[in-house]
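In the numbering used here, the protein residues as written are 223 to 673.
Backbone N, C-alpha and C fix where the C-beta goes; we use that ideal spot for every residue, glycine too.
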């Protein structure tokens, strides 16, 4: 039975995928064969992404990503109608390429004159590259990160608007800017901000140019990216500013961690950012970027689980990071779910504006506030920040006897090797539950211990 995609089918399948804890593939099956097909991948975490699956042919077995689904027109997303049009255009392009390839391998002496097929949509005429500007290229890169669900998207956008947009280079053609001009820009960032920030801006620029360079060989890249005319990456030869990338080694001592945890007890009046910080700690030092993006639909109180999406790095599809909810964390999540329902927010940690998630900076600001109070009371002599909490918790778990492998599974890092990627299919839920129970007991002991 042929079945086309529609919003009701997508909505139902999203619920099924979440309940089953596995991805579902939906086909826009119109009954025709040999033309390829539009498909939608629905992940257990609720991510809905369109792909075009070409007809079976050598070198064309993989589905080509098109973009994220939205029921209504929305920047950076595709409606069903838009996805069908994009799949149709891609089918025409691949067909014409196959005709060219076939003509190139045929016997010229025996082959009849080739008659070019009439495409359903005219292909763009090759022209001189347009003078698309640096800021257009950088904003396109930031939007691409956002469309892919990357946790770094907000920070990248902030740095682009803060340091690149106001510069003289912003309005210049991206293909014409010389490395020396970027060196001067980064020198200004070091003077006005910090070396660490300059290193990040350099990394964003390098990635934006690399993305534009690769677009010509990426069928899923928007056509707008093909107009930059980029022939090389001007950032490659610029010093990487490695001296500003030294790893932090600050971790909180027991006395400091005790004081932080005292500030986050339910008996006090906890704000949503404070509860976000508390939950990050209860779950073993999870990343704030991933925590604030959790939707209520990814929580299963009956099963006692919460699903985070780990989109860091070069992953096209975020890694599903399922965590058990031990008693303290479960009680916190229950409160947050009730609150989210009361303000009609899809997010477990709602933002101040309707329909938005809590800003990551709000959690960092809570850590800053607590630290200043501790400094004023003489309970802290060295600065610390939220970024130090993962290191603190992993260090403490190691001292409590938790193995390296189990700490890595809990914090979702160091799992990109061949063994984890291809062979190890154990979900480590029992082990993660044991570690989190141990961790909750340790946090509870901090409160009961005398000062």
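Looking at the structure shown, is residue i part of a helix, part of a strand, or coil, going by DSSP?
{"i": "residue 417", "result": "helix"}
{"i": "residue 430", "result": "helix"}
{"i": "residue 291", "result": "strand"}
{"i": "residue 340", "result": "At residue 340, the pLDDT of 40 sits below 50, so the modelled position is not reliable and the matter cannot be decided from this model."}
{"i": "residue 316", "result": "helix"}
{"i": "residue 628", "result": "helix"}
{"i": "residue 544", "result": "strand"}
{"i": "residue 270", "result": "strand"}
{"i": "residue 531", "result": "strand"}
{"i": "residue 579", "result": "strand"}
{"i": "residue 234", "result": "helix"}
{"i": "residue 517", "result": "strand"}
{"i": "residue 670", "result": "helix"}
{"i": "residue 674", "result": "Since the displayed the chain opens at 223 and closes at 673, residue 674 lies outside it and no answer follows."}
{"i": "residue 309", "result": "helix"}
{"i": "residue 242", "result": "helix"}
{"i": "residue 489", "result": "coil"}
{"i": "residue 662", "result": "helix"}
{"i": "residue 472", "result": "coil"}
{"i": "residue 453", "result": "coil"}
{"i": "residue 510", "result": "helix"}
{"i": "residue 280", "result": "Low confidence applies to residue 280: its pLDDT is 45, below 50, so where it sits in the model is not reliable, and the reading given next is rough at best. Coil, per DSSP."}
{"i": "residue 327", "result": "Since pLDDT at residue 327 reaches only 46, below the 50 mark, its modelled position is unreliable, and the value read off the structure follows with that caveat. Here residue 327 sits in helix by DSSP."}
{"i": "residue 436", "result": "helix"}
For residue i, write down the residues that DSSP places opposite it in a beta bridge.
{"i": "residue 394", "result": "Its beta-bridge partners do not exist; DSSP assigns none."}
{"i": "residue 249", "result": "261"}
{"i": "residue 299", "result": "Answer is none; residue 299 lacks a bridge partner."}
{"i": "residue 571", "result": "Residue 571 is not bridged to any residue."}
{"i": "residue 275", "result": "259"}
{"i": "residue 286", "result": "274"}
Count the other C-beta atoms from every protein chain shown that fall within 10 angstroms of the C-beta of residue i, then say buried if there are 16 or more, exposed otherwise.
{"i": "residue 528", "result": "buried"}
{"i": "residue 507", "result": "buried"}
{"i": "residue 326", "result": "Reliability of the predicted coordinates at residue 326 is poor, the pLDDT of 49 falling under 50, and the value obtained from them is presented with this limitation in mind. With fewer than 16 Cβ atoms within 10 Å of its Cβ, residue 326 is classed as exposed."}
{"i": "residue 671", "result": "exposed"}
{"i": "residue 609", "result": "exposed"}
{"i": "residue 481", "result": "buried"}
{"i": "residue 558", "result": "buried"}
{"i": "residue 240", "result": "buried"}
{"i": "residue 593", "result": "buried"}
{"i": "residue 622", "result": "exposed"}
{"i": "residue 456", "result": "buried"}
{"i": "residue 649", "result": "exposed"}
{"i": "residue 464", "result": "exposed"}
{"i": "residue 459", "result": "exposed"}
{"i": "residue 413", "result": "exposed"}
{"i": "residue 588", "result": "buried"}
{"i": "residue 669", "result": "exposed"}
{"i": "residue 409", "result": "exposed"}
{"i": "residue 362", "result": "buried"}
{"i": "residue 509", "result": "buried"}
{"i": "residue 487", "result": "exposed"}
{"i": "residue 497", "result": "buried"}
So the alpha helix (DSSP H) residue i belongs to, where does it begin and stop?
{"i": "residue 498", "result": "494-504"}
{"i": "residue 386", "result": "First-last for residue 386: undefined, no H or E at that position."}
{"i": "residue 556", "result": "549-564"}
{"i": "residue 476", "result": "476-484"}
{"i": "residue 358", "result": "356-369"}
{"i": "residue 381", "result": "375-381"}
Under DSSP, the beta strand (DSSP E) around residue i begins and ends at which residues?
{"i": "residue 617", "result": "Looking at the DSSP string, residue 617 is not in any beta strand (DSSP E); the run it does join, the alpha helix (DSSP H), is 609-621."}
{"i": "residue 524", "result": "No beta strand (DSSP E) contains residue 524, which DSSP labels as neither H nor E."}
I'd like to confirm something about residue i: is its beta-carbon nearer than 7 Å to some heavy atom of the ligand ATP, or not?
{"i": "residue 591", "result": "With respect to small molecules bound, the structure shown includes none, and the ligand ATP cannot be examined in it."}
(message) Any contact between the region 376-390 and the region 414-431? By contact I mean 3 or more CB pairs, one from each, below 8 Å.
(response) Under the 8 Å Cβ criterion, the region 376-390 counts as touching the region 414-431, having at least three qualifying pairs.
(message) Any contact between the region 491-505 and the region 460-477? By contact I mean 3 or more CB pairs, one from each, below 8 Å.
(response) No, the region 491-505 does not touch the region 460-477.
(message) Any contact between the region 575-592 and the region 543-551? By contact I mean 3 or more CB pairs, one from each, below 8 Å.
(response) No, the region 575-592 is not in contact with the region 543-551.
(message) Counting beta carbon pairs with one atom in the region 652-671 and one in the region 505-521, are three or more of them shorter than 8 Å?
(response) With a cut-off of 8 Å on Cβ pairs, the region 505-521 is in contact with the region 652-671, counting three or more such pairs.
(request) Check whether the region 300-314 touches the region 561-577, taking contact to mean three or more Cβ pairs, one atom from each stretch, closer than 8 Å. (result) Contact between the region 300-314 and the region 561-577 is absent, with fewer than three C-beta pairs closer than 8 Å.
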